[in-house]
Amino acid sequence: MTQVTDHGGGVRSLRVPIPDNPLGHTLVYVVDTDRGPVLIDTGWDDPESWDTLARGLTACGTSAAEIHGVVITHHHPDHHGLSGRVREASGAWIAMHAADTAVVRRTREARPERWFSYMTAKLSAAGAPEEHIAPLRAARPRALPGLSPALPDRDIVPGELLELPGRRLRAIWTPGHTPGHVCLHLEETHPAQLPGRGRLFSGDHLLPEITPHIGLYEDPDDATVTDPLGDYLDSLERVGRLAPAEVLPAHQHPFPDAAARVRELLTHHESRLTALLALLAEPLTPWQLAERMEWNRPWDQIPYGSRTIAVSEAEAHLRRLVKLGRAEAVPGSDPVTYTAV
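Letter 249 of the sequence shown, counting from 1, is numbered 249 in UniProt numbering, and no numbers are missing.
Spelled out as structure tokens, the structure:
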């Protein structure tokens with residue numbers, strides 16, 4: 001059943017399913033403007049997801065053909081997947097931060113074998129065992145899901161109001177989950193008169209009960225040493241200072257008191273960094289560190305693909321510790337191991 005929630009003030013949300021994913025669904029927001037409805041995110045590119053989106057728009061008194069524009073919080077397929085179909089149906093523009101548009105462009109141009117080769121080298125350098133790498137070595141080049149996302153035609157410029165006639169929606173750059181993730185601050189009085197400054201569409205940056213994945217920014221052609229976790233923590237503090245009356249996230253449910261949730265997340269990451277330093281009393285590769293980190297299930301129960309994501313998150317935490325001068329690479333180690341300073 002299509003689930004539509006009216007949040008008041010010309011904002012509604014649709015629960016668009018994510019196939020075979022414990023998150024269950026993406027909250028796609030429909031924002032009324034003087035030029036027609038604008039979507040914030042679109043959901044996963046899947047027939048059931050498309051049908052759900054279409055039914056939800058009908059329940060809102062509109063249709064995909066009437067969408068004026070699409071604003072994407074970040075490039076991940078559960079947010080950007082259906083953008084191309086919406087644009088085909090309506091001629092709507094698609095807006096995204098330039099850093100994530102660059103990821104989309106690179107993804108569209110990349111050959112699958114290039115990605116397999118990159119991931120093989122990356123996991124080898126992280127100390128992954130051969131049984132984890134072997135499937136990548138044996139993989140046949142093929143079209144991979146999510147490798148032809150729609151190319152946006154507008155840039156979201158941080159700090160500026162988006163061109164939504166009759167609305168005040170300001171872009172807040174919040175890198176960390178992706179390099180070009182944005183939150184969107186609706187600078188209008190809350191329809192229920194809740195105290196605070198408007199409402200915040202937070203994407204995956206700020207969720208009520210989940211800590212979003214912070215891994216590495218993957219670019220096979222860029223050797224820049226980034227610090228995604230540092231970016232995320234800085235972005236959290238920026239959002240906390242906005243003091244919106246309500247947060248409208250892309251998953252789970254809306255919630256008040258963004259500042260309190262920001263404090264919880266900052267405390268969580270500081271505690272996790274401290275715990276990792278204790279593990280690094282002995283030299284460990286990123287893979288070995290991931291094996292020892294606390295996850296939502298024991299390591300031997302984590303699926304293959306999720307282990308790759310977990311190692312990326314371990315590496316993001318290692319980079320943060322190294323940048324803070326609290327850990328360092330062991331000279332001459334191969335694969336590279338790290339130890340606390």
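Glycine residues also receive a C-beta, built at the ideal position from the N, C-alpha and C atoms.
Return the chain-ordered list of same chain residues with a C-beta closer than 8 Å to the C-beta of W295, the five sequence neighbours on each side being excluded.
Counting only Cβ-Cβ distances below 8 Å, and skipping sequence neighbours, we find I302, A310.
Cβ of H177 within 9 Å of Cβ of G24?
Result no, Cβ atoms of H177 and G24 do not sit closer than 9 Å.
If I measure Cβ to Cβ from A54 and keep anything under 8 Å in the same chain, skipping five residues before and after, which residues do I get?
The residues are S63, A64.
Of the choices L186, P195, H190, whose alpha-carbon is the least far from that of S202?
When each option's Cα is compared against that of S202, the closest is L186.
Tell me which residues share the same chain as Q214 and place their Cβ nearer than 7 Å to its Cβ, disregarding the 5 neighbours each side in the sequence.
In the sequence under discussion, the amino acid at residue 214 is Ile, which differs from the Gln named in the question. Taken in chain order, the residues that qualify are G176, H177, P228, L229, Y232, E313, A316.
What distance in whole Å lies between the Cβ atoms of L207 and P179, which are believed to be in contact at a cut-off of 8 Å?
Actually they are not in contact, since the Cβ atoms of P179 and L207 sit about 19 Å apart, beyond 8 Å.
Which of the three DSSP states, helix, strand or coil, is assigned to T52?
Helix at T52.
Would you mind working out which of E264, R326, R241, A260 sits nearest L276, comparing C-alpha positions?
It is R326.
Considering just the uninterrupted stretch of the beta strand (DSSP E) at residue 343, what are its terminal residues?
Residue 343 lies beyond the residue range present for the chain, which begins at 1 and ends at 341; the question has no answer from this structure.
I'd like the list of long-range same chain contacts for D155, defined as Cβ closer than 6 Å, with 5 residues on each side in sequence excluded.
Around D155: A98.
Can you grab the Cα-Cα spacing for the pair M96 / A281, in whole Å?
M96 and A281: Cα-Cα distance of roughly 42 Å.
Where does D257 fall in DSSP's three states?
Here D257 sits in coil by DSSP.
What are the start and end residues of the alpha helix (DSSP H) that includes W287?
Segment 286-292, the alpha helix (DSSP H) holding W287.
Enumerate in chain order the residues of its own chain whose CB-to-CB distance from G240 is below 8 Å, with the five nearest sequence positions on each side excluded.
A258, A259, V262, R263.
Run through the DSSP bridge pairs and tell me what S13 is partnered with.
Note: S13 sits in a beta bridge opposite T5, Y29.
Please report how far the alpha carbon of R197 lies from the alpha carbon of V247, in whole angstroms.
Going by the C-alpha atoms only, they are around 11 Å apart.
Rounded to whole angstroms, what is the Cα-Cα separation between residue 342 and A102?
Nothing about residue 342 can be reported from this structure: the residues present for the chain run from 1 to 341 only.
Nearest CA to the CA of P37: which residue from P165, H75, G127, D46?
Here the closest residue by C-alpha is P165.
What number of angstroms, rounded off, separates the C-alpha of S83 from the C-alpha of L200?
C-alpha separation (whole angstroms): 21 Å.
In whole angstroms, what is the alpha-carbon distance linking A340 and T33?
A340 and T33: Cα-Cα distance of roughly 53 Å.
From what residue to what residue does the beta strand (DSSP E) around D155 run?
Element bounds for D155: 154-156.
Only counting runs of 3 or more residues, tell me where the beta strand (DSSP E) segments fall wholly within the segment 197-272, in order along the chain.
Fully enclosed beta strand (DSSP E) runs of 3 or longer: 199-203, 246-249.
Is H190 helix, strand or coil when you go by DSSP?
H190: coil per DSSP, three-state reduction.
So, helix, strand or coil for G84, using DSSP?
Three-state result, G84: helix.
Take the Cβ of Q193 as the centre, count every other Cβ of all protein chains shown within 10 Å, and call the residue buried at 16 or more, exposed below.
Burial call: exposed.
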